[in-house]
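K.L.:
Going down the list, the protein sequences come from chains D and S.
Residue 1 is where the first sequence starts when you use this note's numbering, and the numbers rise one by one after that.
Residue 1 is where the second sequence starts when you use this note's numbering, and the numbers rise one by one after that.
Every residue, glycine too, gets a C-beta built ideally from N, C-alpha and C.
Below: one structure in structure tokens.
Protein chains: 2
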Amino acid sequence: MANTPQPGTRERVVRAASLLMQRQGYEGTGIKQVAQEAKATLGSVYHFFPGGKQELGVAAVQHADQEFAELLSTSLSAEADPAKAVVACAGELARLLRDSGWVDGCPISATALETTGRAPDIEQAVAEAFQHWRDLVAGTLREAGFPEGDARDLAITVISTLEGAELTAQVAKSETPLRVAGEHLARLIDSYKR
Amino acid sequence: MANTPQPGTRERVVRAASLLMQRQGYEGTGIKQVAQEAKATLGSVYHFFPGGKQELGVAAVQHADQEFAELLSTSLSAEADPAKAVVACAGELARLLRDSGWVDGCPISATALETTGRAPDIEQAVAEAFQHWRDLVAGTLREAGFPEGDARDLAITVISTLEGAELTAQVAKSETPLRVAGEHLARLIDSYKR
DNA sequence: GTCTATATCTAGATAGAC
DNA sequence: GTCTATCTAGATATAGAC
């Protein structure tokens, strides 16, 4: 479990790239800026990512995938009732977004939108991340007794709605869209219990 | 009603900018590319937009705002029952996205995410667009007899969910997320009727 | 693995003739 | 209003010493 034995250069570069791309998007983030933020030299970045910016983009998305999956798992397991868990999750996203000064939204949305149809490697990493997150939600619902089909459909809408509400909250600089979405998702989930 | 008497240069530039930024984002779209796509010269672009790329970005977002508002109005008034109207709307978005080869998602999401916290003018135009769209949905719900508070909250979630489902559908290159979101939103809206 | 220096290209923006 | 030519800065990427 010891998981912070001083990060190596590669790890620092990936983290910096992931954070910057979350906030500025893929196109808006420069490799020099990543190197600077990671306290690495440009040569080191290209040493670890000979494929250049695209390869770095893929690594950044995969890193964000893992990080967000952990956040999701933790939030979802905070409550036994999945409806309440989703409310807690939305609340946690709202808190993190607000505390960041409204800059830390979904870690991969910007990159996803900018590269769709133009960078197949990144596109695939993004698709896998979304699938990963949906699977986590679907698993939670199945464990709570929801039938397979309902769990899958609800997972799609839970992730979609959280994504959209995070974007809306970021744009409006308000927690409200995420709070409201959480309550509405809980209501939707509960409507399947009957 | 005669509304296409051959667009002037300014109009062509705005349309091209709006379309390119929808597909590639703000950072990923070059002014030269906009000029070329609009069959205008670089000099003309700067003649109409002396404020440069930022000013052009604002105009592109405002244009997209109007266009999407019309799409929304048309879709929503296709059905008298607001729950059915939202399903129709989601279906229309899915159709347009698929027909574009999965490139034409929300016209301003990419720009919104890239410029948040970094270009106040664009940020504001984006915030106004989202508010505009929410108001349209809220108006539809009020006209159908929903009380003010419910209409406002539901409008927030309808727009948020459509945004997120469009992103999810685009990434997955599948209509399913939008179709499922439409059905779930209808279910949510109906749950307020009782 | 890390560093500096640099090559190459394209971006946003400007100038001034027409 | 439109055009071409050009400036400058910054981007991605590479080379080669250490």
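Apart from the five residues on each side of it in sequence, which residues of its chain come closer than 8 angstroms, Cβ to Cβ, to D:A85?
P.N.:
Stepping through the first sequence from its first residue, residue 85 of chain D is reached at position 85. Correct list, in chain order: S75, L76, S77, A78, E79, T140.
K.L.:
In the DSSP assignment, find the unbroken alpha helix (DSSP H) run with S:E67 in it and report its ends.
P.N.:
For this step, residue 67 of chain S is matched to residue 67 along the second sequence. Taken as a continuous stretch (DSSP letters only), the alpha helix (DSSP H) holding S:E67 covers 52-76.
K.L.:
Would the region 93-111 of chain S and the region 160-167 of chain S be scored as touching if the rule is three or more Cβ pairs under 8 angstroms?
P.N.:
Result yes; three or more Cβ-Cβ pairs closer than 8 angstroms.
K.L.:
Can you tell me which of the three DSSP states D:Y46 falls into?
P.N.:
Your numbering for residue 46 of chain D matches position 46 in the first sequence. Residue state, collapsed to three classes: helix.
K.L.:
Here's a check: name, in chain order, each residue in its chain whose Cβ is nearer than 8 angstroms to the Cβ of S:L154, leaving out the five neighbours to either side.
P.N.:
Within the second sequence, the letter at position 154 stands for residue 154 of chain S. Within the same chain, S:L154 has close Cβ partners V137, A138, L141, F146, L188, I189, Y192.
K.L.:
Quick one: what does DSSP say D:G164 is sitting in, helix, strand or coil?
P.N.:
Numbered from 1 along the first sequence, position 164 holds the residue referred to as residue 164 of chain D. In the structure shown, D:G164 sits in a helix (DSSP, three-state: H, G or I).
K.L.:
Measuring alpha carbon to alpha carbon, tell me which of S:T168, S:V180, S:L167, S:D150 ends up nearest D:D150.
P.N.:
In the first sequence, residue 150 of chain D corresponds to position 150, counting from 1. Closest option to D:D150, Cα to Cα, is S:V180.
K.L.:
Check whether the region 165-174 of chain S and the region 124-133 of chain D are in contact - that is, three or more C-beta pairs closer than 8 angstroms.
P.N.:
yes
K.L.:
Can you grab the Cα-Cα spacing for the pair D:A88 / S:G28, in whole Å?
P.N.:
Translated into positions along the first sequence, residue 88 of chain D becomes position 88. Translated into positions along the second sequence, residue 28 of chain S becomes position 28. Whole-angstrom Cα-Cα distance: 36 angstroms.
K.L.:
Quick one: complete alpha helix (DSSP H) runs, 4+ long, within the region 94-144 of chain S?
P.N.:
As far as the region 94-144 of chain S is concerned, its whole alpha helix (DSSP H) runs of at least 4 residues are 109-115, 120-143.
K.L.:
Pick helix, strand or coil for S:G149, following the three-state DSSP scheme.
P.N.:
The count along the second sequence starts at 1 and reaches residue 149 of chain S at position 149. Helix.
K.L.:
Please report the residue range of the alpha helix (DSSP H) in which S:T29 lies.
P.N.:
As a first step, residue 29 of chain S must be located in the second sequence, where it is residue number 29. Where S:T29 is concerned, there is no enclosing alpha helix (DSSP H), given that its DSSP letter is neither H nor E.
K.L.:
Below 8 angstroms on the Cβ atoms is my contact criterion, and I expect D:T115 with D:Y26 to pass it. Report the Cβ-Cβ distance as a whole number of Å.
P.N.:
Within the first sequence, numbered from 1, the residue matching residue 115 of chain D stands at position 115. Within the first sequence, numbered from 1, the residue matching residue 26 of chain D stands at position 26. Correct: roughly 6 angstroms between the Cβ atoms.
K.L.:
Give me the Cα-Cα distance between S:A38 and D:T157, rounded to the nearest whole angstrom.
P.N.:
Taking the first residue of the second sequence as position 1, residue 38 of chain S is located at position 38. Taking the first residue of the first sequence as position 1, residue 157 of chain D is located at position 157. Those two C-alpha atoms are separated by around 38 angstroms.
K.L.:
Name the residue from S:Y46, S:V34, S:T9, S:P5 whose alpha carbon lies nearest to the alpha carbon of S:L19.
P.N.:
Sequence index remark: in the second sequence, residue 19 of chain S carries index 19 (1-based). Of the candidates S:Y46, S:V34, S:T9, S:P5, the one whose C-alpha sits nearest the C-alpha of S:L19 is S:V34.
K.L.:
When the cut-off is 8 angstroms and only beta carbons count, does S:Q36 lie next to chain D?
P.N.:
Position 36 of the second sequence holds residue 36 of chain S. So no, S:Q36 is outside the interface.
K.L.:
Whose C-alpha, out of S:R10, S:L167, S:P7, S:A17, is nearest the C-alpha of D:L113?
P.N.:
If you number the first sequence from 1, residue 113 of chain D lands on position 113. It is S:L167 whose Cα lies nearest to the Cα of D:L113.
K.L.:
Taking the alpha helix (DSSP H) that D:S18 belongs to, which residues open and close that run?
P.N.:
Counted from its first residue, the first sequence places residue 18 of chain D at position 18. Its alpha helix (DSSP H) spans residues 9-24.
K.L.:
Is there a C-beta anywhere in chain D that falls below 8 angstroms from the one on S:S109?
P.N.:
What you label residue 109 of chain S is simply residue 109 of the second sequence in a count that begins at 1. Yes, S:S109 counts as interfacial toward chain D.
K.L.:
Do the CB positions of D:L42 and D:F49 come within less than 8 angstroms of each other?
P.N.:
The count along the first sequence starts at 1 and reaches residue 42 of chain D at position 42. The count along the first sequence starts at 1 and reaches residue 49 of chain D at position 49. Result no, Cβ atoms of D:L42 and D:F49 do not sit closer than 8 angstroms.
K.L.:
Mind listing which residues of the region 61-88 of chain S have their C-beta closer than 8 angstroms to chain D's C-betas, in chain order?
P.N.:
none
K.L.:
So what's D:A38 in DSSP terms, helix, strand or just coil?
P.N.:
Numbered from 1 along the first sequence, position 38 holds the residue referred to as residue 38 of chain D. D:A38: coil per DSSP, three-state reduction.
K.L.:
Can you tell me which of S:V58, S:Q6, S:I31 puts its alpha carbon nearest to the alpha carbon of S:A119?
P.N.:
Your numbering for residue 119 of chain S matches position 119 in the second sequence. Among S:V58, S:Q6, S:I31, the Cα nearest to that of S:A119 is on S:V58.
K.L.:
Going by the CB atoms, is the gap between D:A110 and S:A110 shorter than 8 angstroms?
P.N.:
As a working note, residue 110 of chain S is residue 110 in the second sequence. As a working note, residue 110 of chain D is residue 110 in the first sequence. Yes; because the gap between Cβ atoms is below 8 angstroms, this pair is in contact.
K.L.:
DSSP three-state label for S:Q33, please.
P.N.:
Within the second sequence, the letter at position 33 stands for residue 33 of chain S. Of the three classes helix, strand and coil, the one that applies to S:Q33 here is helix, per DSSP.
K.L.:
Would you list, in chain order, the members of the region 15-26 of chain S that have their beta-carbon closer than 7 angstroms to a beta-carbon of chain D?
P.N.:
Q24, G25
K.L.:
Note down the Cα distance separating D:L72 from D:M21, rounded to an integer number of angstroms.
P.N.:
Your numbering for residue 72 of chain D matches position 72 in the first sequence. Your numbering for residue 21 of chain D matches position 21 in the first sequence. Cα to Cα, D:L72 sits roughly 20 angstroms from D:M21.
K.L.:
Taking the alpha helix (DSSP H) that S:E183 falls in, what are its first and last residues?
P.N.:
For the purposes of this step, residue 183 of chain S is taken as the residue at position 183 of the second sequence. It spans 176-191 - the alpha helix (DSSP H) in which S:E183 sits, taken as one unbroken run.
K.L.:
If you run the structure through DSSP and keep just helix, strand and coil, what is D:A80?
P.N.:
By one-based count along the first sequence, residue 80 of chain D stands at place 80. Here D:A80 sits in coil by DSSP.
K.L.:
Less than 7 angstroms between C-beta atoms, sequence neighbours within five positions excluded: which residues of the same chain meet that for S:E183?
P.N.:
Against the second sequence, residue 183 of chain S aligns to sequence position 183. Cβ neighbours of S:E183 beyond the five flanking positions: V87.
K.L.:
Looking at the C-beta of S:W102, does it have a partner C-beta in chain D at a distance below 8 angstroms?
P.N.:
Here residue 102 of chain S refers to the residue found at position 102 of the second sequence. True, the Cβ-Cβ gap to chain D drops below 8 angstroms.
K.L.:
Using a Cβ cut-off of 8 angstroms (strictly closer), state whether S:D99 contacts chain D.
P.N.:
Position 99 of the second sequence, counting from 1, holds the residue named residue 99 of chain S. Interface residue (Cβ-Cβ distance to chain D less than 8 angstroms): S:D99 is not classified as such.
K.L.:
Distance check for S:G52 and S:Y46, CA to CA, integer angstroms please.
P.N.:
By one-based count along the second sequence, residue 46 of chain S stands at place 46. By one-based count along the second sequence, residue 52 of chain S stands at place 52. Cα to Cα, S:Y46 sits roughly 6 angstroms from S:G52.
K.L.:
What number of angstroms, rounded off, separates the C-alpha of S:A60 from the C-alpha of S:A16?
P.N.:
Against the second sequence, residue 60 of chain S aligns to sequence position 60. Against the second sequence, residue 16 of chain S aligns to sequence position 16. Approximately 8 angstroms between the Cα atoms of the pair.
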